[in-house]
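Engineer:
Protein chains in written order, with my numbering: chain R, 180 to 459; chain Z, 394 to 576.
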């Protein structure tokens, strides 16, 4: 298969970024999903009076919820304008629900020049006393994480122990036998992997390379070549770069390229810690 | 008594949130790759994750997560294209798909992205999907053949043709603008 030129790859990477959802849309979609999924699960959320459905109009459901969502969103927007980002970031009161809390975080981060909100968010309790799932702020794709963090932006790759020794489309397990919990069924493993990845990205975004690396180590230990191993590998090499271990990051980037030659993250991996001004 | 392995409502939503955090952008992109209008993406995105919520227990770990999501997105997008889920859309804001780049003051990258968009508009749907799945999502040809239900040779042929056209487009754009009086 013909190889793509650098200009072509850069253009495609830019196109990929262009398709990224705006953080507010990410948040509002989650707010709608959360309520609709809750409806399907319990069937009685509509009576809770809790917030918001950003509806599927064709279904014509939860008209009241829609209005509540609009109110919540508008309230958050007003708060942003009138109160300012600092107070908003300390969490909108629970009554405004998921949409508002996302809004707050996202708007604040947008002002800070960070598109990718991913900070720990505890489970919250709505005004009715029911605990709602804590949608930790949505992570942006890895591309955004790196682009938003100059120190890590050049990173790609993965730790040598995570990578298969030879070229293959899928990584092999590390030499140390991963402790894959046999009790976890596939769905549970997937979710657990996703949570670990989220934790690693959050740490990376917060500049905590140690925590990011610890999370990727935990992933390798627990899941080996898990479903999300590619993403974990990318975060890991980013963390290595951020940690000042440029040589290791570059080696990890090379390993990443071998392990995932077709990865959409490959170009960014190759740039990770590639410049001379990155820490060694 | 609930069995400890029977996830409750909160746990299921928490699981869904974790997946949404990691995969929402992928799903949104795929919906666009599948030809869904930008104004319908939010709605369809929600549908995809509601299906995920219902079917998460059936996920087969031997399969690729992204392929699984792609399969769901494809069915949802198909429904929307056929109009069975079409609605007057949304409360959700639209027309901001370029903001992630603009916000970074990367005019050149925006220009590149627009160039890609223009090129994609010249491709037929089948070729466009193959090209995007390979070049934007990083799928291999066999993976694409599987999710698209195509012969792998067909995938290669479409991909090759699309790449050639794409590179020509990029080269034309990248060529230095010569002054008319130079040779």
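Where a beta carbon is used, it is the ideal one built from N, C-alpha and C, also for glycine. Keep in mind that this is a model prediction, so the values were computed, not measured.
1) Short check: CB of residue 429 (chain Z) to CB of residue 473 (chain Z), under 7 Å?
2) Count the CB pairs spanning the region 363–378 of chain R and the region 407–420 of chain Z that are closer than 8 Å, and state whether there are at least three.
3) Below 8 Å on the Cβ atoms is my guess for residue 424 (chain Z) versus residue 466 (chain Z); work out the distance and round it to an integer in Å.
4) Is DSSP giving residue 399 (chain R) helix, strand or coil here?
5) With a threshold of 6 Å on Cβ separation, who are the neighbours of residue 405 (chain R) within its own chain once the five nearest residues in sequence on each side are excluded?
6) Please name the residues in the region 507–525 of chain Z whose beta-carbon is closer than 7 Å to at least one beta-carbon of chain R, in chain order.
7) For residue 415 (chain R) and residue 395 (chain R), which I take to be in contact (beta-carbon distance under 8 Å), what is that distance rounded to the nearest angstrom?
8) Taking C-beta to C-beta, are residue 421 (chain Z) and residue 433 (chain Z) nearer than 7 Å?
9) Whose CA, out of R:191, R:184 and R:427, lies closest to the CA of residue 505 (chain Z)?
10) Which residues in chain Z have a C-beta closer than 9 Å to the C-beta of residue 186 (chain R)? List them in chain order.
11) Which chain Z residues sit within Cβ distance under 8 Å of residue 411 (chain R)?
12) Hey, would you say residue 523 (chain Z) sits closer than 7 Å to residue 552 (chain Z), going by beta carbons?
13) Cα separation between residue 383 (chain R) and residue 391 (chain R)?
14) State the Cα-Cα distance for the pair residue 406 (chain Z) and residue 556 (chain Z), rounded to the nearest angstrom.
15) For residue 406 (chain R), decide whether its Cβ has a neighbour in chain Z, counting only Cβ atoms nearer than 7 Å.
16) Just to confirm, are residue 545 (chain Z) and residue 538 (chain Z) a CB contact at a threshold of 7 Å?
17) With burial defined as no fewer than 16 other Cβ atoms inside 10 Å of the residue's Cβ, what is the status of residue 202 (chain R): buried or exposed?
18) To be precise: take each residue of the region 365–384 of chain R, compare its Cβ to all Cβ atoms of chain Z, and keep it if any distance is under 7 Å. Which residues remain?
19) To the nearest angstrom, report how far apart residue 378 (chain R) and residue 568 (chain Z) are at their CA atoms.
20) Rounding to the nearest angstrom, what Cα-Cα distance links residue 469 (chain Z) and residue 441 (chain Z) in this structure?
21) At the 7 Å Cβ level, is residue 378 (chain Z) part of the contact set with chain R, yes or no?
22) Note down the Cα distance separating residue 417 (chain R) from residue 409 (chain R), rounded to an integer number of angstroms.
23) Taking the alpha helix (DSSP H) that residue 439 (chain R) belongs to, which residues open and close that run?
24) Using a C-beta cutoff of 7 Å, does residue 412 (chain Z) count as contacting chain R?
25) Using the Cα positions of residue 182 (chain R) and residue 197 (chain R), report the straight-line distance between them to the nearest angstrom.
Structural biologist: On the basis of the data shown:
1) Counting from 1 along the second chain, the entry for residue 429 (chain Z) is found at position 36. Counting from 1 along the second chain, the entry for residue 473 (chain Z) is found at position 80. A contact, by the Cβ cut-off of 7 Å.
2) yes
3) Translated into positions along the second chain, residue 424 (chain Z) becomes position 31. Translated into positions along the second chain, residue 466 (chain Z) becomes position 73. Right, their Cβ atoms sit about 6 Å apart.
4) Position 220 of the first chain, counted from the start, is the residue given in the question as residue 399 (chain R). Note: residue 399 (chain R) maps to helix in three-state DSSP.
5) Numbered from its first residue, the first chain carries residue 405 (chain R) at position 226. Counting only Cβ-Cβ distances below 6 Å, and skipping sequence neighbours, we find 372.
6) 508, 509 and 510
7) Locating residue 415 (chain R) in the first chain gives position 236, where the first residue counts as 1. Locating residue 395 (chain R) in the first chain gives position 216, where the first residue counts as 1. Right, their Cβ atoms sit about 4 Å apart.
8) Here residue 421 (chain Z) corresponds to residue number 28 of the second chain, with the count starting at 1. Here residue 433 (chain Z) corresponds to residue number 40 of the second chain, with the count starting at 1. No.
9) In the second chain, the residue the question calls residue 505 (chain Z) occupies position 112. Minimum Cα distance to residue 505 (chain Z) is reached at R:191.
10) As a working mapping, residue 186 (chain R) is identified with position 7 in the first chain. Ordered by position in chain Z, the residues that pass the 9 Å Cβ test against residue 186 (chain R) are 505, 560, 563, 564, 566 and 567.
11) Stepping through the first chain from its first residue, residue 411 (chain R) is reached at position 232. Result: empty, since nearest Cβ-Cβ is about 11 Å, beyond 8 Å.
12) Your numbering for residue 523 (chain Z) matches position 130 in the second chain. Your numbering for residue 552 (chain Z) matches position 159 in the second chain. Yes, they are a contact pair.
13) Your numbering for residue 383 (chain R) matches position 204 in the first chain. Your numbering for residue 391 (chain R) matches position 212 in the first chain. In a straight line, the C-alpha of residue 383 (chain R) is about 6 Å away from that of residue 391 (chain R).
14) Residue numbering aside, residue 406 (chain Z) sits at position 13 when the second chain is read from its first letter. Residue numbering aside, residue 556 (chain Z) sits at position 163 when the second chain is read from its first letter. Rounded to the nearest angstrom, the two C-alpha atoms are 41 Å apart.
15) Sequence index remark: in the first chain, residue 406 (chain R) carries index 227 (1-based). Output row for residue 406 (chain R): interface = yes.
16) To locate residue 545 (chain Z), count along the second chain from 1; it is residue 152. To locate residue 538 (chain Z), count along the second chain from 1; it is residue 145. Cβ distance < 7 Å, so residue 545 (chain Z) and residue 538 (chain Z) count as in contact.
17) Position 23 of the first chain, counted from the start, is the residue given in the question as residue 202 (chain R). Buried, by the Cβ-count rule.
18) 365, 366, 368, 369, 370, 373, 374, 376 and 377
19) Counting from one through the first chain, the residue named residue 378 (chain R) turns up at place 199. Counting from one through the second chain, the residue named residue 568 (chain Z) turns up at place 175. Each residue's alpha carbon lies about 44 Å from the other.
20) Counted from its first residue, the second chain places residue 469 (chain Z) at position 76. Counted from its first residue, the second chain places residue 441 (chain Z) at position 48. Taking the straight line from one Cα to the other gives about 7 Å.
21) What is shown of chain Z runs 394 to 576, which leaves residue 378 (chain Z) out entirely.
22) On the first chain, residue 417 (chain R) is found 238 positions in, with the first residue counted as 1. On the first chain, residue 409 (chain R) is found 230 positions in, with the first residue counted as 1. Per the coordinates, the alpha-carbon of residue 417 (chain R) lies some 13 Å from the alpha-carbon of residue 409 (chain R).
23) Numbered from its first residue, the first chain carries residue 439 (chain R) at position 260. Per DSSP, residue 439 (chain R) belongs to no alpha helix (DSSP H) and is neither H nor E.
24) Locating residue 412 (chain Z) in the second chain gives position 19, counting from the first residue. Cβ-Cβ to chain R under 7 Å: yes for residue 412 (chain Z).
25) Working through the first chain from its first residue, we reach residue 182 (chain R) at position 3. Working through the first chain from its first residue, we reach residue 197 (chain R) at position 18. The alpha-carbon atoms of residue 182 (chain R) and residue 197 (chain R) are separated by roughly 23 Å.
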